[in-house]
Ligand SMILES: Nc1ncnc2c1ncn2[C@@H]1O[C@H](COP(=O)(O)OP(=O)(O)O)[C@@H](O)[C@H]1O
Ligand SMILES: [Mg+2]
């Protein structure tokens, strides 16, 4: 089966001016490597969870995937064609192909648009439905199937008149209405009340499963990610350090950083006895990383080599990969 999305060694570097005054006039630039050499591919209907601490590049990766940001180097292909080419050929068709759900649904919508107008303008723009009447029927059906019943109660409202949960439902429904090939959900429930999170995740899962949509689910919450994702990628300072089938990575983590993340996740499996691994230091920022493994300064297993070179991925079988010298040494 061919890949719906293929990410090839993608980087995103931001140049930041950092003015350091020395003798009255020295200005320096620093490079923030938000995404630093990411490679993976997904087939139709696959779900990938992307986890990692705040600042590790999850949102930047999400924006690169739907071409809200251009990669500094590397390439992203959708159904075998680079996103750059797809956009050049037909920007509107590309926008329909890839959709993104953002963390804060209040930022997603124009505050001057009623919910009716939100949907109507999307349908008109993408030429879905033959006339106003058919489009109105589609809108009412979509809202009601999405649990917003009766639809008439929602249509005339503005975003600020709805709750975060209702608005996030609307955001998901609108994205899925366009029948995208590929959807990125960036921490879609982390700003919502805990009591409604599961309902929204279920809705997202039902809709994407029904339409066989490829999904990248970004979250710092491992328990939620496990629930919705078949595969999981663990990011640290712009790089994937471990990836594989969710069950395998979470039950048999191999990278020291994945072990730390999992050991600190109390909600993952309260019955399982786990040793909690503490790590020293704050998560660093992705500026001026040394030549070695980016996790080495905080790693409880780091040896001399880890500070000198970056470890390649070790193939652990069944698509499970991790980049750590300890694993390479074990295999050799
Ligand atoms: N537009 C930008 N300009 C400069 N730095 C940025 C920009 N966007 C993100 N960054 C930096 O890139 C890194 C990754 O950010 P982000 O992708 O938002 O991480 P996450 O979503 O995992 O919290 C952070 O250090 C962040 O400060
Ligand atoms: Mg983010």
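Numbering (the working numbering), first residue to last: 31 to 362.
Don't be surprised by glycine CBs; every beta carbon is placed ideally from N, CA and C.
Chain-order list of residues whose beta-carbon lies under 7 Å from that of residue i (same chain, five-residue window excluded)
i	result
residue 324	266, 267 and 269
residue 356	331
residue 101	40, 41, 42 and 94
residue 290	307 and 309
residue 141	188, 189 and 190
residue 145	184, 185, 187 and 200
residue 76	244, 260 and 261
residue 320	337
residue 345	351
In DSSP terms, what residue i is bridged to
i	result
residue 262	79 and 274
residue 144	DSSP, once it has assigned bridges, lists no residue as partnering residue 144.
residue 357	Residue 357 is not bridged to any residue.
residue 269	266
residue 344	352
residue 107	36 and 112
residue 44	62
residue 73	33
residue 215	131 and 247
residue 224	Residue 224 pairs with nothing; no bridge assigned.
Residue i Cβ short of 6 Å to ligand 2 heavy atom set
i	result
residue 93	no
Min CB distance residue i to chain D below 7 Å
i	result
residue 175	Within the model displayed, chain D is absent; a lone protein chain is all it includes.
Same chain, Cβ closer than 6 Å to residue i, neighbours up to 5 away in sequence not counted
i	result
residue 343	351 and 353
residue 134	221
residue 195	222 and 226
residue 274	349 and 350
residue 180	none
residue 70	37
residue 89	216
residue 110	none
residue 152	204
residue 20	There is simply no residue 20 to check, as the chain begins at 31 and stops at 362 in what is shown.
Any non-hydrogen atom of ligand 1 within 6 Å of residue i CB
i	result
residue 62	yes
residue 330	no
residue 44	yes
residue 315	yes
residue 295	no
residue 86	yes
Spatial neighbours of residue i in its chain, beta-carbon cut-off 8 Å, leaving aside the 5 residues before and after
i	result
residue 276	79, 255, 256, 259, 260, 261 and 262
residue 198	131, 135, 218, 219, 222 and 230
residue 239	75
heavy atom of ligand 3 below 6 Å from residue i C-beta
i	result
residue 212	Summarising the ligand content, the structure contains ligand 1 and ligand 2 and does not contain ligand 3.
Would you mind listing the beta strand (DSSP E) stretches within the region 234-261 that are 3+ residues and don't spill past its ends, in chain order? 244-248
Please enumerate, following chain order, all residues with a beta carbon closer than 7 Å to at least one heavy atom belonging to ligand 2. 84, 88, 89, 133, 216, 217 and 248
What alpha helix (DSSP H) runs, 4 residues minimum, are completely inside the region 116-166? 121-127, 135-138 and 145-155
Alpha helix (DSSP H) segments (min. 4 residues) lying fully within the region 171-196: 182-185
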